[in-house]
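Notes for the one structure printed next.
Protein chains in written order, with the numbering used here: chain L, 1 to 116; chain U, 1 to 115.
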């Protein structure tokens with residue numbers, strides 16, 4: 001069975017600084033997607049960034065980028081120029097293309113605080 | 001395009017009762033998934049529907065059930081409510097497995113409190 005681990009329950013960052021959130025996963029599949037979701041206090045889950053496993057190039061969305069290491073099964077999220085609005089719970093998620101295609105497996109989450 | 005909507009947003013029930021939650025996916029999306037979110041267990045997959053058929057089910061007791069209608073709207077039902085069913089129930093929609101990357105878009109959730 002696939003699992004997703006986020007080893008940092010809480011993180012904090014100074015406004016305008018950079019922070020990296022860690023995520024590791026375990027799977028025997030070769031094709032899958034990885035996602036980072038953000039859940040602010042409003043509880044609305046928002047997709048931040050996604051990575052296709054077959055792509056070697058790391059995904060980037062404005063201030064958000066990932067470091068995808070397929071062999072190490074690592075998928076970290078880097079937030080640059082942190083803003084107060086980035087404060088939220090961040091979830092790393094996995095979706096396989098075959099055996100686990102119909103469901104997304106989420107990590108336990110990392111609570112990010114942004115200090116003014 | 002309107003996002004995923006869930007009704008009701010808040011619900012208070014007592015033990016033993018049953019509850020039905022509703023989810024309307026984004027127009028054109030045919031897949032609807034349900035998740036339970038609790039502080040202790042995090043986000044757990046409940047089930048996923050596509051074209052009115054349940055394709056996958058998480059590790060939840062039979063008290064949790066769902067269905068999908070021809071217009072892709074989905075409902076989930078919890079019978080004989082227990083205190084531990086108190087949670088945020090999230091619905092997510094996606095287009096179909098044939099449309100990569102088939103990312104899910106989440107609704108605002110229904111907060112269920114069981115007293």
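By construction, the Cβ of each residue, glycine as well, lies at the ideal position given by its N, Cα and C atoms.
Does the Cβ-Cβ distance between residue i and residue j come in under 7 Å?
i: residue 88 of chain U; j: residue 37 of chain U; result: yes
i: residue 105 of chain L; j: residue 94 of chain L; result: yes
i: residue 106 of chain U; j: residue 45 of chain L; result: yes
i: residue 43 of chain U; j: residue 34 of chain U; result: no
i: residue 20 of chain U; j: residue 77 of chain U; result: yes
Is there a Cβ of chain L sitting closer than 7 Å to that of residue i, yes or no?
i: residue 42 of chain U; result: yes
i: residue 48 of chain U; result: yes
i: residue 109 of chain U; result: yes
What residue range does the beta strand (DSSP E) around residue i cover?
i: residue 81 of chain U; result: Neither: residue 81 of chain U is in no beta strand (DSSP E) and is coded neither H nor E.
i: residue 88 of chain L; result: 88-96
i: residue 109 of chain L; result: Element bounds for residue 109 of chain L: n/a, residue is neither H nor E.
i: residue 10 of chain L; result: 10-14
i: residue 64 of chain L; result: 64-69
i: residue 54 of chain U; result: 53-57
i: residue 67 of chain U; result: 64-68
i: residue 23 of chain U; result: 19-24
i: residue 17 of chain L; result: Run containing residue 17 of chain L: none; DSSP gives neither H nor E here.
i: residue 104 of chain U; result: Per DSSP, residue 104 of chain U belongs to no beta strand (DSSP E) and is neither H nor E.
Please confirm if residue i has its CB atom under 7 Å from at least one CB of chain U.
i: residue 75 of chain L; result: no
i: residue 50 of chain L; result: yes
i: residue 64 of chain L; result: no
What does residue i reach in chain L if we use C-beta pairs closer than 9 Å?
i: residue 90 of chain U; result: 43 and 45
i: residue 58 of chain U; result: 103
Since residue i meets chain U, which of its residues come closer than 9 Å, beta carbon to beta carbon?
i: residue 109 of chain L; result: 42 and 43
i: residue 91 of chain L; result: 42 and 43
With a threshold of 7 Å on Cβ separation, who are the neighbours of residue i within its own chain once the five nearest residues in sequence on each side are excluded?
i: residue 85 of chain L; result: none
Could you tell me which chain L residues have their CB closer than 7 Å to the CB of residue i, listed as they occur along the chain?
i: residue 82 of chain U; result: By Cβ distance, chain L contributes nothing, its closest Cβ being about 22 Å from residue 82 of chain U, past 7 Å.
Can you give me the Cβ contacts of residue i inside the same chain, cut-off strictly under 6 Å, excluding the 5 residues immediately before and after it?
i: residue 111 of chain L; result: 10 and 89
i: residue 83 of chain U; result: 114
i: residue 10 of chain U; result: 111
For residue i, which residues in the same chain have their Cβ closer than 8 Å to its Cβ, ignoring the five residues on either side in sequence?
i: residue 66 of chain U; result: 34, 46, 47, 49, 54, 74, 75, 76 and 77
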